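Report on the structure given below.
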Amino acid sequence: MSGAVPLTRTGARELPGSGRTAVVTGASSGIGAATAARLAAEGFDVVLGARRLDRLEELAASIGGRALQLDVTDAGSVEAFAAALDRVDVLVNNAGGAFDANPVAEADLDSWARTYEVNVLGTVRLTKALLPALIASGAGDVLFVGSTAGLTTYENGSSYTAAKHGEHALAGALRLELVGEPVRVIEVAPGMVHTEEFSLNRLGSADQADAVYRGVREPLVAEDVADCIAWALTRPHHVNVDLLVVRPRAQAAQHKVHREGG
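In the working numbering, the protein residues as written are 47 to 308.
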């Protein structure tokens, strides 16, 4: 399979995702919404899943996708979502989030449970439900939107780093288990990404959320991560991007961030 873009019978260039159906979770905002839009632009038939159906439907209408309500923490919701799909070629496991910034000594176990439910158990729940269809497609992709927090730890982020380490381990185990099957397992691990909700959900105030990015020249935005996801998914299917770590140039490592004027 070459890297050339095939032509249709009319002579137009065929888009890389033509004829393939991609499911994107957490698609009502941030990286999920940007990924859904980007994959639609690449020719995929996109199914958008998230809890906020009103936001999903608005985005789906603008990109020509299909909106289905989905709560990955609810087994019945996942079952209904999977039953509504005729085919699945790509699953982008994006639903997730961080909900506190407490040290271990002050751990909120309800927050820990919520973080694990969304980032780990919800991801397992939906992946398990869609794996038969992904294998049956003959050229399936499971892509995990992880985090650099899944590759290292930092203080006051234990619930999120532990959950993202779990998701990273899940991706690695699944890749081993599916060797020989026609399914790629891809992980994209972003560093500092400025989105509308992530830090706000974690820290609880707009001032604290804004402070995370203050002085950082050009942090990543959702569209940057969507670009990486689309690139990985549109490689020839024998090419597996096991792990793609992407950070803004200003962030050399989890704790090494250049801030201007500081």
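Beta carbons: idealized from backbone N, C-alpha and C, even for Gly.
These numbers were taken from a predicted model, which means no experiment stands behind them.
DSSP bridge partner residues for L94 (one or two, in chain order):
In the DSSP assignment, the residues bridged to L94 are V70 and A113.
Rounded to whole angstroms, what is the Cα-Cα separation between L99 and E60?
31 Å
Give the range of the alpha helix (DSSP H) segment to which A82 is assigned.
G76 to A87
Local Cβ density within 10 Å of G95, reported as buried at 16 or more and exposed below that
Burial call: buried.
How would you call R305, buried or exposed, if buried means at least 16 neighbouring beta carbons within 10 angstroms?
exposed
Taking all protein chains shown into account, do 16 or more other C-beta atoms lie within 10 angstroms of the C-beta of L155, making it buried, or fewer, making it exposed?
exposed
What residue from V138, A268, D120 and R171 has the CA that sits closest to R230's CA?
Of V138, A268, D120 and R171, the residue nearest in Cα terms is V138.
If you drop the 5 nearest sequence neighbours on each side, which residues of the same chain put their C-beta closer than 8 Å to that of V303?
M238, V262, A296 and Q297
Under the rule that 16 or more other beta-carbon atoms within 10 Å means buried, what is L222, buried or exposed?
exposed
Going by DSSP, which residues form a beta bridge with N316?
One cannot answer for residue 316 here, as it falls past the ends of the chain, which runs 47 to 308.
Reduced DSSP category for R230 - H, G, I as helix; E, B as strand; rest coil:
strand
Between G76 and V93, which are expected to be in contact by the criterion C-beta below 8 Å, what is the C-beta distance as a whole number of angstroms?
Contact flag wrong, Cβ pair sits at about 18 Å.
Same chain, Cβ closer than 7 Å to H301, neighbours up to 5 away in sequence not counted:
Y200
Have a look at A130, L102 and H211 and flag the residue whose alpha-carbon is nearest the alpha-carbon of A195.
H211
Assuming L266 and A235 form a contact by the criterion Cβ under 8 Å, report the distance between their Cβ atoms to the nearest whole angstrom.
Going by Cβ atoms, the distance from L266 to A235 rounds to 12 Å, so no, they are not a contact pair.
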